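Report on one structure; see the data block that follows.
Number of protein chains: 2
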Amino acid sequence: MKLATYKDGSRDGQLIVVSRDLRLACYATGIASRMQQVLDDWSFMAPQLQDVYTQLNAGRAKHVFAFDASQCMAPLPRSHQWLEAAAYPSHLALTQPQWPLSVTEPTMRQGAGDSLVGACDEVVLGSAAMGIDFGAGLAAVAADVPMGASAEQALYGIRLLMLSNTFSLRQLMPSAPGYAWGNVQSWPAVGLSPVAVTVDELGDAWRGGKVHLPLHTSWNGRKVGMCDAGEDMAFHFGQLIAHAAKTRMVHAGSMVGTGVVSNVGTTTGKASSRRSDWPKGYHSIAEKRAMELQQGDVASTGYLQFGDTVRVEMKNKDGFSIFGAIEQTIVSPLGEGSSAS
Amino acid sequence: MKLATYKDGSRDGQLIVVSRDLRLACYATGIASRMQQVLDDWSFMAPQLQDVYTQLNAGRAKHVFAFDASQCMAPLPRSHQWLEAAAYPSHLALTQPQWPLSVTEPTMRQGAGDSLVGACDEVVLGSAAMGIDFGAGLAAVAADVPMGASAEQALYGIRLLMLSNTFSLRQLMPSAPGYAWGNVQSWPAVGLSPVAVTVDELGDAWRGGKVHLPLHTSWNGRKVGMCDAGEDMAFHFGQLIAHAAKTRMVHAGSMVGTGVVSNVGTTTGKASSRRSDWPKGYHSIAEKRAMELQQGDVASTGYLQFGDTVRVEMKNKDGFSIFGAIEQTIVSPLGEGSSAS
Numbered sequence: 001m002k003l004a005t006y007k008d009g010s011r012d013g014q015l016i017v018v019s020r021d022l023r024l025a026c027y028a029t030g031i032a033s034r035m036q037q038v039l040d041d042w043s044f045m046a047p048q049l050q051d052v053y054t055q056l057n058a059g060r061a062k063h064v065f066a067f068d069a070s071q072c073m074a075p076l077p078r079s080h081q082w083l084e085a086a087a088y089p090s091h092l093a094l095t096q097p098q099w100p101l102s103v104t105e106p107t108m109r110q111g112a113g114d115s116l117v118g119a120c121d122e123v124v125l126g127s128a129a130m131g132i133d134f135g136a137g138l139a140a141v142a143a144d145v146p147m148g149a150s151a152e153q154a155l156y157g158i159r160l161l162m163l164s165n166t167f168s169l170r171q172l173m174p175s176a177p178g179y180a181w182g183n184v185q186s187w188p189a190v191g192l193s194p195v196a197v198t199v200d201e202l203g204d205a206w207r208g209g210k211v212h213l214p215l216h217t218s219w220n221g222r223k224v225g226m227c228d229a230g231e232d233m234a235f236h237f238g239q240l241i242a243h244a245a246k247t248r249m250v251h252a253g254s255m256v257g258t259g260v261v262s263n264v265g266t267t268t269g270k271a272s273s274r275r276s277d278w279p280k281g282y283h284s285i286a287e288k289r290a291m292e293l294q295q296g297d298v299a300s301t302g303y304l305q306f307g308d309t310v311r312v313e314m315k316n317k318d319g320f321s322i323f324g325a326i327e328q329t330i331v332s333p334l335g336e337g338s339s340a341s
Numbered sequence: 001m002k003l004a005t006y007k008d009g010s011r012d013g014q015l016i017v018v019s020r021d022l023r024l025a026c027y028a029t030g031i032a033s034r035m036q037q038v039l040d041d042w043s044f045m046a047p048q049l050q051d052v053y054t055q056l057n058a059g060r061a062k063h064v065f066a067f068d069a070s071q072c073m074a075p076l077p078r079s080h081q082w083l084e085a086a087a088y089p090s091h092l093a094l095t096q097p098q099w100p101l102s103v104t105e106p107t108m109r110q111g112a113g114d115s116l117v118g119a120c121d122e123v124v125l126g127s128a129a130m131g132i133d134f135g136a137g138l139a140a141v142a143a144d145v146p147m148g149a150s151a152e153q154a155l156y157g158i159r160l161l162m163l164s165n166t167f168s169l170r171q172l173m174p175s176a177p178g179y180a181w182g183n184v185q186s187w188p189a190v191g192l193s194p195v196a197v198t199v200d201e202l203g204d205a206w207r208g209g210k211v212h213l214p215l216h217t218s219w220n221g222r223k224v225g226m227c228d229a230g231e232d233m234a235f236h237f238g239q240l241i242a243h244a245a246k247t248r249m250v251h252a253g254s255m256v257g258t259g260v261v262s263n264v265g266t267t268t269g270k271a272s273s274r275r276s277d278w279p280k281g282y283h284s285i286a287e288k289r290a291m292e293l294q295q296g297d298v299a300s301t302g303y304l305q306f307g308d309t310v311r312v313e314m315k316n317k318d319g320f321s322i323f324g325a326i327e328q329t330i331v332s333p334l335g336e337g338s339s340a341s
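Line by line, the protein sequences are chains A and B.
Each residue of the first sequence is one higher than the last, beginning at 1 in full-length UniProt numbering.
Each residue of the second sequence is one higher than the last, beginning at 1 in full-length UniProt numbering.
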């Protein structure tokens with residue numbers, strides 16, 4: 001099923017059920033008003049919401065309205081735990097080559113669960129001089145997962161999947177790996193897709209705890225990334241959640257992001273003239289800049305400017321959008337870059 | 001005023017108002033049922049709660065019952081953002097001497113807002129071999145604080161103060177400062193005092209954004225720490241919140257902890273036989289072990305065992321407990337160490 005949260009002026013918004021084709025929606029009247037309520041009591045509420053979803057898809061639901069992604073907050077507008085991994089080693093290898101990488105445990109950090117941004121909302125950031133970057137990936141919303149759960153057990157603790165776009169401030173991010181506690185300021189906000197879906201919506205693209213579909217990222221209308229989200233994911237969602245649950249219970253509504261989706265590059269040419277290439281592009285500017293440095297001498301691509309837009313979307317094999325698109329504009333605190341200004 | 005959250009079987013519990021002397025309480029019936037509701041709409045609800053508090057202290061409130069700290073969840077049972085600083089440089093200097101320390105910006109990390117533990121609840125942790133440590137400090141609950149707020153502005157964004165006890169797993173914590181993303185597993189839970197209070201409850205002990213009173217920590221009934229919480233706090237609460245708000249809005253209900261309270265040691269003796277001492281003790285075992293290494297050759301104090309209890313409390317000048325006491329027992333997942341077993 002597909003769920004979203006509509007703006008209603010409150011901090012938690014109003015839960016809605018969205019049709020599979022993202023055209024129609026209805027309120028979950030009589031079942032739940034907030035997404036966190038559903039996550040708190042999933043086994044009781046999810047079957048009722050599934051019934052509404054079935055009716056909605058069959059054209060038999062009541063009080064139906066046209067779904068409008070611009071009215072969406074993040075599917076869960078605030079989360080008691082936002083975790084983000086670096087599940088694609090090729091991203092870290094490009095952008096943080098000096099960091100020690102474990103092959104047995106995912107690299108993971110905790111972030112700002114109070115700073116989630118709706119799919120079409122403007123993202124207010126302080127200064128372009130901070131090196132504003134996007135970072136497109138996927139994120140899971142977890143059930144209660146007991147301490148010490150195995151990766152296989154944790155797979156059953158996935159309630160919903162979404163697309164994510166984590167904004168980072170690259171100039172505030174220490175390049176040296178020596179500042180374990182210094183990153184609070186460099187990850188200001190996360191954008192999330194309008195719709196969150198249960199894993200069955202992915203069909204056979206959901207295999208081994210990974211989503212085997214290309215992620216599409218566009219920057220100011222130009223497609224810059226179409227990496228496969230399943231291909232080079234070194235740790236599947238169950239492994240990511242189990243990592244977080246190793247020493248404590250992970251509570252319902254916690255979110256675990258994959259970090260930037262990235263595919264391994266290809267290398268061609270003889271030893272004397274080897275050239276690396278990344279035919280599927282990039283999902284963060286820092287990667288593009290690292291690619292440029294490997295291919296030449298200069299990282300010529302600059303970071304985001306106010307007014308720039310970033311779009312992230314994923315389509316199924318038939319070409320239909322699964323989660324709806326994240327499409328956000330970067331705006332200064334004074335409104336610079338805003339379409340409203 | 002003093003507020004707390006009583007257990008009622010739900011994840012968010014039931015908001016109560018507690019009398020100044022911590023003897024009596026009443027439900028906030030008709031005003032709010034959950035603490036987050038109050039934080040979301042403080043300027044509307046706080047005056048109403050203050051009225052109830054005044055009535056309660058005057059013996060004129062209705063439906064009053066005896067306050068029982070063992071019925072408390074964390075005052076805010078789950079938070080969309082738990083931040084923890086290292087506001088006392090003497091703690092980091094002792095326990096992480098190899099870490100780079102900034103004198104202009106606080107060291108701060110993001111933690112698990114879904115893993116807050118009631119003041120008298122057992123703390124379930126996986127294995128004593130992980131090096132279970134306590135870490136007593138204070139924490140503020142923030143209002144909405146706009147991006148870029150100054151430290152002085154951020155001081156007005158403090159809604160409530162509490163005591164905190166952050167559990168850490170020292171053997172899982174990399175001693176090298178090279179694992180910026182590697183700490184998710186080493187900070188499993190935070191205990192919070194039964195009661196959260198507005199800053200006016202501290203009287204003239206609240207000065208310059210700091211609490212100028214000794215913190216009392218006992219381990220298995222033996223007092224081990226009584227450091228002054230104001231004395232060596234290098235960054236006041238306004239500076240801590242402003243640090244978090246530098247690049248994004250901090251949303252209501254976010255919590256900012258000071259980290260382990262610590263006072264600078266004293267040094268006596270001639271140059272040839274100088275000896276450091278810490279007459280006010282310690283608020284984390286890692287500190288005690290570092291002190292032992294400086295005074296001799298062996299860190300002889302071991303970390304917590306199942307069944308160990310840690311008590312954290314702060315009293316005003318008249319000797320009355322301000323926040324109630326955190327008094328928690330460490331228990332294994334199988335119940336080892338539990339008083340119920």
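Don't be surprised by glycine CBs; every beta carbon is placed ideally from N, CA and C.
Note that the structure is predicted; figures quoted are calculated from it, not measured.
| Item | Value |
| --- | --- |
| Rank R11/A, A196/A, A205/A by C-alpha distance to the C-alpha of D144/B and give the top, closest one. | R11/A |
| Decide yes or no for the touch test of the region 215-222 of chain B against the region 231-249 of chain B: beta carbon pairs closer than 8 Å, at least 3 of them. | no |
| Please report whether the beta-carbon of V145/A lies at a distance below 8 Å from any beta-carbon of chain B. | no |
| G191/A: which of D318/A, R274/A, E84/A, M249/A sits nearest, CA to CA? | E84/A |
| Taking any Cβ of chain B, which residues in the region 247-278 of chain A have a Cβ under 9 Å from it, in chain order? | T247, R248, M249, V250, H251, A252, G253, S254 |
| Considering only residues of the same chain and omitting the five flanking positions on each side of R20/A, which have a CB-CB separation below 6 Å? | N57 |
| Could you tell me the distance, in whole angstroms, from the CA atom of S79/A to the CA atom of R78/B? | 10 Å |
| I'd like to know whether the C-beta atoms of A245/B and P146/B end up nearer to each other than 8 Å. | yes |
| Measure from the C-beta of L304/B to each C-beta in chain A and report whether the shortest distance is under 8 Å. | no |
| Compute the Euclidean distance between the alpha carbons of P214/B and E313/B, then round it to the nearest angstrom. | 9 Å |
| So, are the CB atoms of I322/B and V197/B less than 8 Å apart? | yes |
| Does DSSP classify P89/B as helix, strand or coil? | helix |
| Which residues does DSSP pair with A4/A in a beta bridge? | I16/A |
| Mind listing the chain B neighbours of G135/A? Cutoff is C-beta to C-beta under 7 Å, in chain order. | Within chain B, no residue comes near G135/A; the closest Cβ sits about 14 Å away, beyond 7 Å. |
| I'd like to check one pair, A139/B with T258/B: are the Cβ atoms closer than 8 Å? | yes |
| Provide the residue span of the alpha helix (DSSP H) that contains E287/B, from first to last. | 285-295 |
| Let me make sure I understand the geometry here. Which of A74/B, W187/B, A136/B, A61/B has the alpha-carbon closest to that of A112/B? | W187/B |
| Based on the DSSP output, what are the partners of K280/A in its beta bridges? | Answer is none; K280/A lacks a bridge partner. |
| Can you tell me which of the three DSSP states S339/B falls into? | coil |
| With DSSP as the reference, identify every bridge partner of L160/A, one or two as the case may be. | V141/A |
| Is the beta carbon of T301/B sitting closer than 8 Å to the one on K288/B? | yes |
| Tell me which residues of the region 100-117 of chain A have at least one Cβ-Cβ distance to chain B shorter than 7 Å, keeping chain order. | P100, T107, M108, R109, Q110, G111, A112, G113, D114, S115 |
| Does E313/A come out as helix, strand or coil in the three-state DSSP assignment? | strand |
| Using a Cβ distance threshold of 8 Å, determine whether the region 323-335 of chain B contacts the region 23-41 of chain B, with at least three qualifying pairs required. | no |
| Check the Cβ of D40/B against every Cβ in chain A and list those closer than 9 Å, keeping chain order. | S10, R11, D12 |
| I need the DSSP call for G178/A, collapsed to helix, strand or coil. | With a pLDDT of 47 at G178/A, under the threshold of 50, the modelled position of that residue is not reliable, and no figure is offered here. |
| So, is the C-beta of A189/A closer than 8 Å to a C-beta in chain B? | yes |
| Just reading off the beta strand (DSSP E) that I330/B is part of, what are its end residues? | 326-331 |
| Among the residues of its own chain, which have a CB less than 6 Å from the CB of V103/B, if the five just before and after it don't count? | none |
| Could you tell me which of Q81/A, T95/A, A151/A sits nearest to Q114/B, measuring between CA atoms? | It is worth fixing the name first, because residue 114/B is Asp in this sequence and not Gln. Nearest C-alpha to D114/B: Q81/A. |
| Using three-state DSSP, classify V38/A as helix, strand or coil. | helix |
| Residue range of the alpha helix (DSSP H) that H243/A falls in? | 237-244 |
| Output the boundary residues of the beta strand (DSSP E) element that contains A128/A. | Neither: A128/A is in no beta strand (DSSP E) and is coded neither H nor E. |
| Can you list, in chain order, the residues of its chain whose CB lies under 7 Å from that of G178/A, leaving out five sequence neighbours each side? | Residue confidence is low: G178/A scores 47 on pLDDT, short of 50, so the model does not pin down where it sits. No coordinate-derived value is stated. |
| Report back the beta-carbon spacing between P106/B and A136/B to the nearest angstrom; my notes put them in contact at under 8 Å. | Contact doesn't hold; Cβ gap of about 18 Å is too wide. |
| Is it the case that the Cβ atoms of T5/A and M108/A are separated by a distance below 8 Å? | no |
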